[in-house]
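**Student:**
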Amino acid sequence: MKTTTNKISHEAYDKGIRLEKEAQFDKARVIYEDLLRHVADETLLKKVRCRMADIDDLIAEKAIYRRIDENAKRVLTEIGINITENQILMDLLVEAGGIDFDNETALFIPLKRDYIDRCLEMVPREFPGDPGMNTFGTGATSPFLKRTGDDDLRPANREEYKEIVRTAGEQQDIVGIFSLPVACDKSTSLFEIAQLMEKHFQGLKMTTTNTMGANEAAFLKGKDDWVDGTCLVSSLAPMNNMVVPFLSSARIGNNLLMIDQSLAGISAPASPEAFLTQVHAQVLFMMVVAQTVNPGVSCIHCGIPCVVDAGGNLAYSSPRQTFINAAMARVNTWITHFPSAQTGGSTSLPDATPQALLDSELSRNTLRKYGVHIVRHAMGALGNLNFFSLEKFLEDCERERRSKKIFDAMPKDLGVIPMLFPADDLALEGIREIAEKGNPKNADHTLINVDSFRQWEDRIRQAAQKKLYYPHLNDTVIDQNATSSQCFHK
Numbered sequence: 150m151k152t153t154t155n156k157i158s159h160e161a162y163d164k165g166i167r168l169e170k171e172a173q174f175d176k177a178r179v180i181y182e183d184l185l186r187h188v189a190d191e192t193l194l195k196k197v198r199c200r201m202a203d204i205d206d207l208i209a210e211k212a213i214y215r216r217i218d219e220n221a222k223r224v225l226t227e228i229g230i231n232i233t234e235n236q237i238l239m240d241l242l243v244e245a246g247g248i249d250f251d252n253e254t255a256l257f258i259p260l261k262r263d264y265i266d267r268c269l270e271m272v273p274r275e276f277p278g279d280p281g282m283n284t285f286g287t288g289a290t291s292p293f294l295k296r297t298g299d300d301d302l303r304p305a306n307r308e309e310y311k312e313i314v315r316t317a318g319e320q321q322d323i324v325g326i327f328s329l330p331v332a333c334d335k336s337t338s339l340f341e342i343a344q345l346m347e348k349h350f351q352g353l354k355m356t357t358t359n360t361m362g363a364n365e366a367a368f369l370k371g372k373d374d375w376v377d378g379t380c381l382v383s384s385l386a387p388m389n390n391m392v393v394p395f396l397s398s399a400r401i402g403n404n405l406l407m408i409d410q411s412l413a414g415i416s417a418p419a420s421p422e423a424f425l426t427q428v429h430a431q432v433l434f435m436m437v438v439a440q441t442v443n444p445g446v447s448c449i450h451c452g453i454p455c456v457v458d459a460g461g462n463l464a465y466s467s468p469r470q471t472f473i474n475a476a477m478a479r480v481n482t483w484i485t486h487f488p489s490a491q492t493g494g495s496t497s498l499p500d501a502t503p504q505a506l507l508d509s510e511l512s513r514n515t516l517r518k519y520g521v522h523i524v525r526h527a528m529g530a531l532g533n534l535n536f537f538s539l540e541k542f543l544e545d546c547e548r549e550r551r552s553k554k555i556f557d558a559m560p561k562d563l564g565v566i567p568m569l570f571p572a573d574d575l576a577l578e579g580i581r582e583i584a585e586k587g588n589p590k591n592a593d594h595t596l597i598n599v600d601s602f603r604q605w606e607d608r609i610r611q612a613a614q615k616k617l618y619y620p621h622l623n624d625t626v627i628d629q630n631a632t633s634s635q636c637f638h639k
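The opening residue of the sequence shown carries number 150 in the working numbering; numbering runs sequentially from there.
In structure tokens:
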């Protein structure tokens, strides 16, 4: 009888863990509470207590992500996107009946909520070429190739690109997405590079079609292993040079990787919640436009929010870059269920030094720990995505192999790790203030939240030092000298 009871209790605990991984934290909590009342096995009770220590934080975190999704739609309906000067988008959305002409309080051109909902409902939640969770790869189209022993910085030529593509093809056990890793010189065209990628890399690939002709851009059509990395809006306004190629690729039916590269405090708000809300709103707008011209076209949410250092430069070595992208991933994996892509695993350092390699390893490990989807820029990039190094790419792949083995060998019942995402009850008001003033630097909301990322990082570090989940991995959020934890169970 006791054996049967223990089996039932362990099965219930396993169900709680499965519910956590499905982001059904309320249901998991009910199971854990019941186990606390009835279980006598101290080993199992210890596991349940550790999950109960996290579950309320996870419930609160999911509620913020749900608010981010809702407020992003309110950005489109109550603040709007400034498409007044772009007649192509205006005509498109007017003809489709998507603009709310009765709204007299929006700053820009507001969309109808029911139109947004109808368009987003048409976005496929499954992508046949999806390589799955915690997929890492290349990306960024860095302007310069870093050559060992050569300080002359320039794009890659045809022969160098061939070597990069062949090498990536040899690493497909660990490289899940092969995005354009570096710019090419005039010795080869973007279309020729895409053909090289097609020949040597069998997995998911990304290129850009904005400089291709219509026939070349159609090379991607109908191929589950290709996506077109494209962008349409920034700072709540269209990028006019991208409108025609964006619409063209959507009409062709290419799989669209919709990229938003907003900068915290520079082109978007400074608080994490308001920042993600604006990024999410801009990607949702891209999805609405894509579904307007081609209902059902595949859209991948590539909100890749970026943090900056004190000088206003990208800060890929900062753990905050990792945290905000992991949070963006959770908005999609927990709430919207859109296929998604993030950025991380790179470094601010310009050379492939041991510290640069460690920066990238730490970021990848943290992204995997929190659970992300498709991550670009994770291997080979240097100097805040300014350089690509084949030498670093190979070392990144080798380190990722080692880390993956450690993750794969870990117990599967650790549950989901809370990110303690900070709430900002004034996120929507902050976005509106920034839109009114034209610049985050001029907004009171920015001044109030100037220290919000640091406070978030401190909170994560303090929590992680008390409860280590992966003590055998280099991790950006723990004390690397710590080797054990009362809540880590072997």
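Glycine included, C-beta positions come from ideal geometry on N, C-alpha and C. Computed from a predicted structure; not experimentally measured.
Between the alpha carbons of Thr-515 and Val-392, how many angstroms are there, rounded?
**Tutor:** Reading the sequence shown from its first residue, position 366 is the one you call residue 515. Reading the sequence shown from its first residue, position 243 is the one you call residue 392. Thr-515 and Val-392: Cα-Cα distance of roughly 36 Å.
**Student:** Give the DSSP-derived three-state secondary structure of Cys-451 in the structure shown.
**Tutor:** Here residue 451 refers to the residue found at position 302 when the sequence shown is read from its first residue. Here Cys-451 sits in strand by DSSP.
**Student:** Could you tell me which of Glu-510, Thr-485, His-450, Leu-425 sits nearest to Val-224, measuring between CA atoms?
**Tutor:** Here residue 224 refers to the residue found at position 75 when the sequence shown is read from its first residue. Per the Cα distances, Leu-425.
**Student:** Helix, strand or coil for Asp-190, going by three-state DSSP, please let me know.
**Tutor:** Along the sequence shown, read from residue 1 onward, the residue named residue 190 stands at position 41. Here Asp-190 sits in coil by DSSP.
**Student:** Would you identify the three-state DSSP class for Ala-366, choosing helix, strand or coil?
**Tutor:** Locating residue 366 in the sequence shown gives position 217, counting from the first residue. In this structure, Ala-366 counts as helix in the three-state DSSP scheme.
**Student:** Kindly give me the distance between the Cβ atoms of Gly-286 and Ala-527, rounded to whole angstroms, as I take these residues to be in contact under 8 Å.
**Tutor:** In the sequence shown, counting from the first residue as 1, residue 286 sits at position 137. In the sequence shown, counting from the first residue as 1, residue 527 sits at position 378. The pair is a contact, with the Cβ atoms about 6 Å apart (cut-off 8 Å).
**Student:** Kindly give me the distance between the Cβ atoms of Ala-413 and Ile-580, rounded to whole angstroms, as I take these residues to be in contact under 8 Å.
**Tutor:** Here residue 413 corresponds to residue number 264 of the sequence shown, with the count starting at 1. Here residue 580 corresponds to residue number 431 of the sequence shown, with the count starting at 1. Incorrect: roughly 13 Å between the Cβ atoms, too far for contact.
**Student:** For a test of the three-state rule: what should DSSP assign to Lys-295, helix, strand or coil?
**Tutor:** Working through the sequence shown from its first residue, we reach residue 295 at position 146. Strand at Lys-295.
**Student:** Just to confirm, is the Cβ distance from Ile-326 to Arg-548 under 8 Å?
**Tutor:** Numbered from 1 along the sequence shown, position 177 holds the residue referred to as residue 326. Numbered from 1 along the sequence shown, position 399 holds the residue referred to as residue 548. Going by C-beta atoms, Ile-326 is not nearer than 8 Å to Arg-548.
**Student:** What does DSSP give as the partner residues of Cys-333 in its beta bridges?
**Tutor:** Reading the sequence shown from its first residue, position 184 is the one you call residue 333. Partner(s): Ala-305.
**Student:** Mind checking Thr-290: buried by the 16 CB within 10 Å criterion, or exposed?
**Tutor:** Within the sequence shown, the letter at position 141 stands for residue 290. Buried: at least 16 other Cβ atoms inside 10 Å.
**Student:** Looking at C-alpha atoms only, which residue of Leu-396, Val-565, Leu-385 is the closest neighbour of Ala-367?
**Tutor:** Locating residue 367 in the sequence shown gives position 218, counting from the first residue. Nearest C-alpha to Ala-367: Leu-396.
**Student:** Please work out which residues of its chain come closer than 8 Å, Cβ to Cβ, to Glu-312, disregarding the five sequence neighbours upstream and downstream, and give them in chain order.
**Tutor:** In the sequence shown, residue 312 corresponds to position 163, counting from 1. Cβ within range, chain order: Leu-539.
**Student:** Check whether the segment 482-491 touches the segment 449-464, counting contact only when three or more Cβ pairs, one atom from each stretch, lie closer than 8 Å.
**Tutor:** With the cut-off at 8 Å, the segment 482-491 and the segment 449-464 touch.
**Student:** Report, in whole angstroms, the separation of the C-beta atoms of Val-382 and Met-435, which I expect to be a contact under 8 Å.
**Tutor:** As a working mapping, residue 382 is identified with position 233 in the sequence shown. As a working mapping, residue 435 is identified with position 286 in the sequence shown. Sure, about 7 Å apart at Cβ, within 8 Å.
**Student:** Which residue or residues does DSSP assign as beta-bridge partners of Ser-489?
**Tutor:** Position 340 of the sequence shown, counting from 1, holds the residue named residue 489. Ser-489 pairs with His-450.
**Student:** Please state whether the Cβ-Cβ distance between Asn-623 and Leu-531 is less than 8 Å.
**Tutor:** Position 474 of the sequence shown, counting from 1, holds the residue named residue 623. Position 382 of the sequence shown, counting from 1, holds the residue named residue 531. Contact flag unset, no.
**Student:** Would you mind sorting Phe-537 into buried or exposed? The rule is 16 or more other CB atoms within 10 Å of its CB.
**Tutor:** Walking along the sequence shown from the start, residue 537 turns up at place 388. The residue in question, Phe-537, is buried, as its Cβ has 16 or more Cβ neighbours within 10 Å.
**Student:** Specify the secondary structure class of Leu-463 as computed by DSSP and reduced to three states.
**Tutor:** As a first step, residue 463 must be located in the sequence shown, where it is residue number 314. In this structure, Leu-463 counts as strand in the three-state DSSP scheme.
**Student:** Could you check where the beta strand (DSSP E) with Leu-405 kicks off and where it finishes?
**Tutor:** As a working mapping, residue 405 is identified with position 256 in the sequence shown. It spans 405-409 - the beta strand (DSSP E) in which Leu-405 sits, taken as one unbroken run.
**Student:** Output yes or no for whether 8 Å exceeds the beta carbon distance between Asn-235 and Asn-389.
**Tutor:** If you number the sequence shown from 1, residue 235 lands on position 86. If you number the sequence shown from 1, residue 389 lands on position 240. It is a contact, given that the beta carbons lie within the stated cut-off.
**Student:** Exposed or buried, which one is Lys-590 when buried takes at least 16 other CB atoms within 10 Å?
**Tutor:** Your numbering for residue 590 matches position 441 in the sequence shown. By the 10 Å Cβ count, Lys-590 comes out exposed.
**Student:** Does His-187 pass the burial test, meaning 16 or more other C-beta atoms within 10 Å, or should it be called exposed?
**Tutor:** In the sequence shown, counting from the first residue as 1, residue 187 sits at position 38. Answer is exposed; the Cβ neighbour count stays below 16.
**Student:** Is the CB-CB distance between Leu-433 and Met-355 below 8 Å?
**Tutor:** In the sequence shown, counting from the first residue as 1, residue 433 sits at position 284. In the sequence shown, counting from the first residue as 1, residue 355 sits at position 206. It is not a contact, given that the beta carbons lie outside the stated cut-off.
**Student:** In whole angstroms, give me the CA-to-CA distance for His-594 and Ile-583.
**Tutor:** Numbered from 1 along the sequence shown, position 445 holds the residue referred to as residue 594. Numbered from 1 along the sequence shown, position 434 holds the residue referred to as residue 583. Whole-angstrom Cα-Cα distance: 8 Å.
**Student:** Of all the options Ile-258, Asn-252, Thr-226, which has the alpha carbon lying nearest to the alpha carbon of Met-239?
**Tutor:** Here residue 239 refers to the residue found at position 90 when the sequence shown is read from its first residue. Taking only the C-alpha atoms, the option nearest Met-239 is Ile-258.
**Student:** What does the Cβ neighbour count give for Gly-288, buried or exposed, with the cut at 16 atoms within 10 Å?
**Tutor:** For the purposes of this step, residue 288 is taken as the residue at position 139 of the sequence shown. When all chains shown are included, Gly-288 counts as buried.
**Student:** Applying the 10 Å Cβ sphere with the 16-neighbour rule, what's the burial state of Thr-152?
**Tutor:** Walking along the sequence shown from the start, residue 152 turns up at place 3. The residue is exposed, with fewer than 16 neighbouring Cβ atoms inside 10 Å.
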